[in-house]
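I have placed the structure first, in the form of structure tokens, so that the comments after it can refer back to it.
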Amino acid sequence: MTGRTEWPGDGSDSSRAEKEPSPQDPAERARAICLRLLTGSPRTRKQLADALRKREIPDEVAEEVLARFEDVGLIDDAAFAGAWVESRHHGRGLARRALARELRTKGVEPTLIQEAVEQLDSEREEATARELVDRKLRATRGLDRDRRLRRLAGMLARKGYPEGMALRVVRQALEAEGEDTDGLDEPF
Numbered sequence: 001m002t003g004r005t006e007w008p009g010d011g012s013d014s015s016r017a018e019k020e021p022s023p024q025d026p027a028e029r030a031r032a033i034c035l036r037l038l039t040g041s042p043r044t045r046k047q048l049a050d051a052l053r054k055r056e057i058p059d060e061v062a063e064e065v066l067a068r069f070e071d072v073g074l075i076d077d078a079a080f081a082g083a084w085v086e087s088r089h090h091g092r093g094l095a096r097r098a099l100a101r102e103l104r105t106k107g108v109e110p111t112l113i114q115e116a117v118e119q120l121d122s123e124r125e126e127a128t129a130r131e132l133v134d135r136k137l138r139a140t141r142g143l144d145r146d147r148r149l150r151r152l153a154g155m156l157a158r159k160g161y162p163e164g165m166a167l168r169v170v171r172q173a174l175e176a177e178g179e180d181t182d183g184l185d186e187p188f
């Protein structure tokens, strides 16, 4: 007797052999990886392809699994882009330009990006810009006019709004508060 009691799962040779997973079929591993990633949130085909590449799934196996997932509707970049635009515009107030940039980084094709951002017309985009400025306007009270302009226009610029629209919306909001806006039409 060695003085050591072997318990199930204590790391002895017999239990180690039972715990080690047998090598899986790469296609099965790829399906499991994709399903696990899609469970958390929708993903683009490129995001899934990158995850499979990172986990060393052979390219031909990854392509086959991704094509099958597209066929059954588990991967749909057009639906992903549409939902992304709606969610990020409504939730974060992002403009078309910023949304297109985000979708490009996620690997969505340019034609799908264009279709998705076209959901937002100029009027809706400008209305969202006005809401953003109205929310931020209170926090800038007490600052001089030029500093308020820079902060508000800068906030809109970071969210992807065109300079002309940003300046127009900010100028109108400042006028509504009684600020003198003479000379604010020129970019700084």
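The sequence shown finishes on residue 188 if you use the UniProt record's numbering, and the numbering steps up by one all the way, no holes. C-beta: ideal position from N, C-alpha, C; glycine also.
query: Assumed close pair ALA30, LEU52 - CB separation to whole angstroms, cut-off 8 Å; result: 5 Å
query: PRO42 - DSSP class collapsed to helix/strand/coil; result: coil
query: contact_flag[the segment 98 to 107, the segment 126 to 133] where n(CB pairs < 8 Å) is 3 or more; result: no
query: Same chain, Cβ closer than 7 Å to ASP25, neighbours up to 5 away in sequence not counted; result: none
query: C-beta contact flag for ARG43 and ASP77 at 7 Å; result: no
query: Alpha helix (DSSP H) segment containing LYS136, residue limits; result: 122 to 137
query: C-alpha distance - LEU99 paired with ALA62, whole-angstrom precision; result: 28 Å
query: Reduced DSSP secondary structure (H/G/I, E/B, other) of GLN172; result: helix
query: Cutoff 7 Å; reference VAL65; Cβ partners in own chain excluding five residues on either side; result: ALA27, ALA30, ARG31 and CYS34
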